[in-house]
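S.K.: For the sequence shown, the working numbering gives the first residue as 536, with consecutive numbering after it. Backbone N, C-alpha and C define an ideal beta-carbon position, used for all residues, glycine too.
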Amino acid sequence: MTPEALARESIDRKLAQAGWVVQDMKALNLGAATGVAVREHPTDTGPADYVLFVHRQPVGVIEAKKDSAGENLTATEAQTERYASANLKWRKDSTPLRFLFEATGQIIRFTDGADPAPRSREIFHFFKPETLAAWLAQPDTLRRRLAEQMPALPEQNLRHCQISAVTGLEKSLALNKPRALVHMATGAGKTFTAITSVYRLLKFGGAKRILFLVDTRNLGKQAHQEFMAYTPPDDGRKFTELYNVQRLASPSIDPHAQVCISTIQRMYSILSGEPIDESAEDLSLNEVQQTASQAKLVRYNPAVPVETFDFIVIDECHRSIYNLWKQVLDYFDASLIGLTATPDKRTFGFFNENIVAEYTYEQSVADGVNVGYDVYTIETEVTQKGAELKAKEWVDHRDRQTRKKRWSETEEDTAYTGKELDRSVVNVSQIRKVIQAMKTAVETQIFPARKETPKTLIFAKTDSHADDIIRILREVYGQGNAFCKKVTYRAEEDADSILSSFRNDYHPRIAVTVDMIATGTDVKPLEVLLFMRDVRSKGYYEQMKGRGVRSLDGDSLKRVSNSADGAKTRFVLIDAVGVEKSLKTESRPLEKKPGVPLKDLLQGVAMGSRDDDTVLSLANRLVRLAKQLGDKAQARIEKASGGIPVAELGKGLITALNPDAIVQTALASAQAQGITRSEDTLLPQELEAARATRVAAACAPFDQPALRDEIENARREREQLIDHINLDTVTFAGFSEQAEAQAQAVVQTFADYLQQHKDEIAALGFFYQQPYQRRALTFDLIEELHEQLAKPPLMLTTERLWSAYARVQAAQVKGADKKRQLTDLVSLVRFALGLDGEGAELKPFADEVDKRFQAWIFRHNAQRGTAFTPEQTEWLRLMKEHIASSCAIHRDDFDYAELADKGGLQKAWGLFGKELDTLMDEMNWELVA
């Protein structure tokens, strides 16, 4: 048989598999089936190898070539077009046929003549005739709709990086690019972004069906939940109310499903014809070593034809698209959309370097989407060097699967390395030492102010190793079963419920996993990751680290970690096996100098330190500080910086070191000098100069001492250590000489400050003015004075001042055991200035207001024709209490809850009439002055 005949035999077989009836011209019967492929059909330019008929109408041609012509098959396209444009014998219509195929026995190329700028592409197999019929019935092709009919993206509720990803992807699809990569940092909302795109491709692009491909069943379940939760911006219904979403758990695809979620393992099983065990879908492809001998070739499945999906979204595509699995992607005639947080060179290459959106980990930290991390190292002798068991030693021998033990002698000397730990040899002491070191580090150095163990995730080598870790953890921490749980696919308890508790409840505090929550699973409250296993894959390691990067607001963190003092600002990676040293990590820790105080980093930058470590460390501290500070501290820093918020100061430092931006700066600089340069011809010194220019601009604000001081002061205000480790006992009750001297110094500092700043601070001016003007005192003035006093280096809070006076002048100080209010500062200032005469008492402001109120209302009742009614008296008491906490009362204050709840200004006016304003003026004067 000739090569041409062999190729045609293969083409005939493939056409038949796709549902075509193949006929010779002599046996022509167009009514034999929906689709008929006629060999050697005559045209006015010679016989066409195959003409395709659907519902008796000619729709396309196939130009057949021998297999050896495959390397030059695109050269045949002109021949195919000639036949498609030729006049078919017995056909009156001269319109060119739309569907063009070139085929050998091995490969098939296809062009849709109705596409904008028709371009041929390789397909795995011929399309079914019903597919071509459906395409013919549509007014436009999918690619034309993508190029011409996609409306603008509604941007509300989308982050900038998500907008960039969706619009970038749609631009790529409009240009008919077959593969597109979305690179978004973990936590930036990759799945939400993907669902937004899927919704638009279905609704506006007219896609028939989309495959959402994952590499573990757990990630499939998580993706399905996100589809169910998604509400599009232009429709109040949920996604799953608008479109059918199927999570594939069998070999059959629901014909009515518009979205199909599947593991790549299951799809590979369907296409290779091999059954799959569900447990195979639980293991991440990073954990699977593949060999050529394991290969099972994907073959055509008529139940799942190549045109089943228009698009394939590949979640975490950095690990699921290589080796044997790539066959799944080659099978379908679909545009590929890759999602990843950790691309490598293979990923970029696979997606033809078509990166439609890029949002890095560093950018996500600068934007507050994610948090930075520090690395804490634990090293032990056995981890580093291994050990040796001598022959004739009596030890436990444990079956790996059943864990049954037998007590017997070792037969020979057994030396083992650190890498063999917990595989061939288990050293219980090594595990215990690591756990003890972690506990000590977390409680004394990493999170010393916490009263509960921060949410911690431990990566173990195997299920057996995980069991050993859990047993020793509970023992070292002195806790019960609820404290620490194993979350793996083989855990006896339901993994999903444990994971939900770990994410949302107080217990468990620590989870141990092998692979289930290594990738893709969000546990936002996580603050500690302990690696007790090494990882070979850089991408997988990045994904494992990604479990800790998610940011979390203070209230949400407190729900599971009650003693947290605010929002999550970082996580700590504890490296107990040298995982950081064993490979280079792309998302480097922003905190390069975790031991250097913020003050020194600021001073270093001001003195000219411009190395990456210093600049990135300062950036990370500033981004972290921005999450911790209140609005007022933020405003002070912004004012000192000339209008730049503290988070933007940090972000500016990170952006300054962006390699792409440095290149652009260097090119712009060269152009300004009249030098022609490209990215490839830039000189090292030009790049270094561009870097120096960018970093200098970003560091310029820190030249101002006032800004450096404001940042350092804000940090010091924020910190408060609570030591719950050292137990206390009372050894002496009374004032020591040292404590007395310190209290006296506080009192003297306060008095000196009042004297020195009386002309600068409005609230102090009030106390030094004539009595009539004292009515101008407001809560805002008191608050401003308190801020000035409470800032470093004074740190004179109302609590500290009251305690100091209680030690120095105990007989004259009342209410030392009461909770301080800000208005107590009024009493402190009056006492310090001696406004109430010698021997006067220091009493809480509310007590003084209460005393004056009693005298005022008694006098008022005596002078009036009729006393205040009980209802009026109750309202006056409410007004008095407001004065006690706010220094004054005005009409606007009746909107506050305690007054508004009783009827507000309308009720008060009804009780007092025009006399209300006079009464308020009197109370402000009598009770405060």
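Please state whether DSSP places residue 593 in a helix, a strand or coil.
M.R.: Here residue 593 sits in strand by DSSP.
S.K.: Helix, strand or coil: which one does DSSP assign to residue 872?
M.R.: Residue state, collapsed to three classes: strand.
S.K.: What are the uninterrupted segments assigned as alpha helix (DSSP H) that are 4 or more residues long and contained completely in the region 993 to 1021, given in chain order?
M.R.: The region 993 to 1021 contains these whole alpha helix (DSSP H) runs: 998 to 1012.
S.K.: Based on Cα-Cα distance, which residue from 1331, 1318 and 1436 lies nearest to residue 1281?
M.R.: Closest by alpha carbon: 1331.
S.K.: Rounded to a whole number of angstroms, what is the C-alpha to C-alpha distance between residue 1083 and residue 742?
M.R.: The straight-line gap from Cα to Cα measures roughly 36 Å.
S.K.: For residue 536, count neighbouring C-beta atoms within 10 Å of its own C-beta (all shown protein chains included) and say buried if the count is 16 or more, exposed if not.
M.R.: It counts as exposed.
S.K.: Does the structure place the region 860 to 875 close enough to the region 1032 to 1048 that three or more beta carbon pairs sit under 8 Å?
M.R.: The region 1032 to 1048 is not in contact with the region 860 to 875.
S.K.: Between the alpha carbons of residue 1001 and residue 1151, how many angstroms are there, rounded?
M.R.: Spanning the two alpha carbons is a distance of roughly 36 Å.
S.K.: Evaluate residue 876 with the Cβ neighbour count: other Cβ atoms within 10 Å of its Cβ, from every protein chain shown; 16 or more gives buried, anything less gives exposed.
M.R.: The residue is buried, with at least 16 neighbouring Cβ atoms inside 10 Å.
S.K.: Below 6 Å CB to CB, which residues in the same chain sit around residue 968 once its five sequence neighbours on both sides are set aside?
M.R.: Excluding positions up to five away in sequence, the list reads 915.
S.K.: In the DSSP assignment, find the unbroken alpha helix (DSSP H) run with residue 899 in it and report its ends.
M.R.: Run containing residue 899: 896 to 901, per the alpha helix (DSSP H) assignment.
S.K.: So, does the region 1388 to 1403 touch the region 1359 to 1377, judging by three or more C-beta pairs under 8 Å?
M.R.: No, the region 1388 to 1403 is not in contact with the region 1359 to 1377.
S.K.: Going by other Cβ atoms of all chains shown within 10 Å of its Cβ, with 16 needed for buried, is residue 1441 buried or exposed?
M.R.: Exposed, by the Cβ-count rule.
S.K.: For the beta strand (DSSP E) that residue 1152 lies in, which residues bound it at each end?
M.R.: That residue, residue 1152, is in no beta strand (DSSP E); its alpha helix (DSSP H) goes 1147 to 1163.
S.K.: What is the DSSP secondary structure of residue 1070, reduced to helix, strand or coil?
M.R.: In the structure shown, residue 1070 sits in coil (DSSP, three-state: anything other than H, G, I, E or B).
S.K.: Pick helix, strand or coil for residue 513, following the three-state DSSP scheme.
M.R.: Given a span of 536 to 1464 for the chain in the structure shown, any question on residue 513 remains unanswerable.
S.K.: Quick one, are the C-beta atoms of residue 1385 and residue 1350 less than 8 Å apart?
M.R.: Not closer than 8 Å, so no.
S.K.: Please name the residue in 785, 669 and 910 whose C-alpha comes closest to that of residue 1113.
M.R.: Nearest of 785, 669 and 910 to residue 1113, Cα basis: 910.
S.K.: Can you tell me where the alpha helix (DSSP H) holding residue 797 begins and where it ends?
M.R.: Per DSSP, residue 797 belongs to no alpha helix (DSSP H); it is in the beta strand (DSSP E), 794 to 798.
S.K.: Mapping the DSSP letters down to three states, classify residue 1417 as helix, strand or coil.
M.R.: If DSSP states are grouped into helix, strand and coil, residue 1417 belongs with the helices.
S.K.: If you check the beta carbons only, do residue 866 and residue 891 fall under 8 Å apart?
M.R.: Taking 8 Å as the Cβ cut-off, residue 866 and residue 891 do not qualify as a contacting pair.
S.K.: Which residues bound the beta strand (DSSP E) around residue 718?
M.R.: Element bounds for residue 718: 714 to 719.
S.K.: Determine the contact status of residue 739 and residue 685, defining contact as a CB-CB distance below 8 Å.
M.R.: Cβ distance < 8 Å, so residue 739 and residue 685 count as in contact.
S.K.: Among residues of its own chain, excluding the 5 on either side of residue 678, which ones have a beta-carbon nearer than 7 Å to its beta-carbon?
M.R.: If we look at residue 678 and ignore the five residues flanking it on each side, its Cβ neighbours are 650, 651 and 711.
S.K.: Do the region 1131 to 1139 and the region 1168 to 1185 meet, that is, are 3 or more Cβ pairs less than 8 Å apart?
M.R.: Taking 8 Å as the limit for Cβ pairs, the verdict is that the region 1168 to 1185 does not touch the region 1131 to 1139.
S.K.: Among the residues of its own chain, which have a CB less than 6 Å from the CB of residue 1504, if the five just before and after it don't count?
M.R.: Because the chain here runs from 536 to 1464, residue 1504 falls outside it and cannot be looked at.
S.K.: Are there any heavy atoms of the ligand GTP lying less than 7 Å away from the beta-carbon of residue 799, as far as the coordinates show?
M.R.: The model on display carries no ligand, and the ligand GTP is accordingly not part of it.
S.K.: Can you tell which of 1093, 589, 582 and 563 has the C-alpha that lies nearest to the C-alpha of residue 569?
M.R.: Closest option to residue 569, Cα to Cα, is 589.
S.K.: Could you tell me whether the region 620 to 629 touches the region 569 to 584, where touching means 3 or more Cβ pairs closer than 8 Å?
M.R.: The region 620 to 629 is in contact with the region 569 to 584.
S.K.: Buried or exposed: where does residue 832 fall if 16 or more other Cβ atoms within 10 Å of its Cβ makes it buried?
M.R.: By the 10 Å Cβ count, residue 832 comes out exposed.
S.K.: Leaving out five residues on either side along the sequence, give the residues of the same chain with a beta carbon under 8 Å from the beta carbon of residue 1241.
M.R.: Around residue 1241: 1175.
S.K.: To the nearest whole angstrom, what separates the beta carbons of residue 639 and residue 542, a pair I think is in contact under 8 Å?
M.R.: About 5 Å separates the two Cβ atoms, so the contact holds.
S.K.: How many angstroms separate the CA atom of residue 1324 from the CA atom of residue 1278?
M.R.: For residue 1324 and residue 1278, the distance between alpha carbons rounds to 16 Å.
S.K.: Would you verify that the beta carbon of residue 1455 is, or is not, closer than 8 Å to some beta carbon of chain D?
M.R.: Going by chain labels, chain D is absent from the structure shown, which holds only one protein chain.
S.K.: Enumerate in chain order the residues of its own chain whose CB-to-CB distance from residue 1361 is below 6 Å, with the five nearest sequence positions on each side excluded.
M.R.: Within the same chain, residue 1361 has close Cβ partners 1380.
S.K.: Is the region 705 to 725 touching the region 892 to 907 in the sense that three or more CB pairs, one from each, lie closer than 8 Å?
M.R.: The region 892 to 907, when compared against the region 705 to 725, does touch it at the 8 Å Cβ threshold.
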